[in-house]
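A short write-up of the structure that comes next.
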Amino acid sequence: MNRDAIVKAVNSIFIERFEFEEADLTPEKHILDDLGLDSLDIVDMIVGLQQKFGIMLRENKEIREVKTLEDVYTLFEKLIAEHPELAEKL
Numbered sequence: 003m004n005r006d007a008i009v010k011a012v013n014s015i016f017i018e019r020f021e022f023e024e025a026d027l028t029p030e031k032h033i034l035d036d037l038g039l040d041s042l043d044i045v046d047m048i049v050g051l052q053q054k055f056g057i058m059l060r061e062n063k064e065i066r067e068v069k070t071l072e073d074v075y076t077l078f079e080k081l082i083a084e085h086p087e088l089a090e091k092l
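Start counting the sequence shown at 3; every next residue gets the next number (our numbering).
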């Protein structure tokens, strides 16, 4: 799976669940400060990512460290490299 597919899949969560426009979702956007998500939104984001990619993130410590969309993209690049079957979910 290439990075563009990961970006599209991650961004689709933000578009579907939080009604963002595609143009608003750039890698440097800070999830809390720039996109304005709160703690409940973060839980919703994680649930959406789990459903989209078919992986439980609750036990993944790295998900707690994401600050920007770039961090989310990078995390899923790493997870897919470790678990190639995740790419089939997209």
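Ideal placement from N, C-alpha and C gives every residue a C-beta, glycine not left out.
The structure displayed is predicted, hence computed values, not measured ones.
Taking a contact to mean a Cβ-Cβ separation below 8 Å, would you say residue i touches residue j in this structure?
i	j	result
G38	I15	no
T76	E30	no
I2	V68	Lying outside 3 to 92, the shown extent of the chain, residue 2 is not represented and no answer is given.
Q52	L42	no
Which same chain residues, not among the five before or five after residue i, have their C-beta less than 6 Å away from its C-beta?
i	result
R19	D46 and G50
I44	none
I48	L59
Suppose the cutoff is 7 Å on Cβ atoms and the five residues either side in sequence are ignored; what does the same chain contact list for residue i look like?
i	result
G56	L88 and K91
E64	L77
Assuming residue i contacts residue j under a Cβ cut-off of 8 Å, what Cβ separation, rounded to an integer in Å, is found between them?
i	j	result
E24	N13	6 Å
E79	R5	6 Å
Minimum length 3: unbroken beta strand (DSSP E) runs contained in the segment 41-77:
none
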